[in-house]
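Worksheet: one structure, shown below.
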Amino acid sequence: MGIGERLKEERESKNMSLEDIQNVTKIQVRYLEAIEQERFNVMPGSFYVRAFIKEYATVLGLNPDELMEEYKNQLPIEKEEDVALSRVKSSKKNNATTKTPVIFSFLPSVIVVLLIVGIVVLVWLFRQNYFSGDEADPTPAENDENTAGESVQLPPNQGTTQNEADENEDGKSSGNEPVEEDEPEPTTEISLDSYENNESYYTLTTTEENVNLVITTENRHWLEIADKAGNSLYEKMFTANESPLELDVSDVEELYLRFGEPQSINIELNEEKLELSDEIQASDVQQAWITIEKQ
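Below, the structure written as structure tokens:
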């Protein structure tokens, strides 16, 4: 007997319809039918298969952990998705590292040209006796006749440049000190991608290394938090006495939340508020999936 047939028999033994299960779990009937028929390929992903089966089993009074362990060989695994993702990232990294700036392809030619020009200039200077050190002796008689009796000397500051003169007057440098550039501040943004039937899908993009989840309330809620693999991070009644709830989800790629009383709960990631859809009714139990992308 497969896990889908097991859940179906248990549901029928309790005289419950798929609509009854949907009203409690907020999981759409088409997904419940897919679970009972073990057509897991129509689900959004293996993470949702495990999360929905746990919800289904809990409503029927079954132990979800024992059920998942018993039928673990029948459930889809995430290894292939992770390998495909790692291959894509590896391919991007290899493409990025093999790109060579165009300027480096011209460097050998530029160096050869500079060497040739340097040799030609050096030969020309030798022919002009530039390095011989000989100086023509001045003729005293001609100097006496052509000079006015006094040698002309430049003022001490005649040879200074305008920039040096400005520095002497102002007592400041001409701006040679290095300019320090401010590093960009880390940012975090959360966008609501879609909302339907009390299910919200978000994408979080951040340049920060750490991702902190903070939940506060002045009421009481049934609150469930899990990661992509379905591992529970929090699952019990959350009250104002326990507020704020703080969790470090830096290593989580996808976050799942299920909570009631949405009008009085506040959810923040890196101090950015998770904005709920305007279509949400006050009494509806909400489910949210948050994909975390680090840049």
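Numbers 813 to 1107, taken from this note's numbering, label the letters of the sequence shown in order. We treat Cβ as the ideally placed atom computed from N, Cα and C, and that holds for glycine.
query                                                                                                              : result
Close-in-space but distant-in-sequence residues of the same chain around Glu850 (CB under 6 Å, 5 per side omitted) : Gly814, Gly816
In chain order, each alpha helix (DSSP H) run of at least 4 residues that lies wholly inside the region 814-862    : 815-825, 830-837, 841-848
Beta-carbon spacing of Leu1016, Ile1002 below 7 Å                                                                  : yes
Residue closest to Lys884, alpha-carbon to alpha-carbon, out of Arg939, Tyr1013, Ala1094, Ala1041                  : Ala1041
Stretch-stretch touch, CB-based, cutoff 8 Å, three pairs: the region 839-847 with the region 1048-1066             : no
C-beta atoms of Tyr1007 and Ser1095 nearer than 7 Å                                                                : no
Beta-carbon proximity of Thr1019 to Gln1107, cut-off 7 Å                                                           : yes
Whether Glu848 touches Lys820 by CB criterion (7 Å)                                                                : yes
Bridge partner(s) assigned by DSSP for Ala1100                                                                     : Ser1012, Leu1069
Buried versus exposed, by CB contacts within 10 Å (16 or more), Phe918                                             : exposed
Alpha carbon of Gly1072 to alpha carbon of Met855, nearest angstrom                                                : 24 Å
Pairwise C-alpha distance: Arg1070 and Asp877                                                                      : 18 Å
Beta-carbon spacing of Ala1100, Ser1044 below 7 Å                                                                  : no
Beta-ladder partner(s) of Lys1048, from DSSP                                                                       : Leu1035
Sub-7 Å separation of Ile1102 and Tyr1046 beta-carbons                                                             : no
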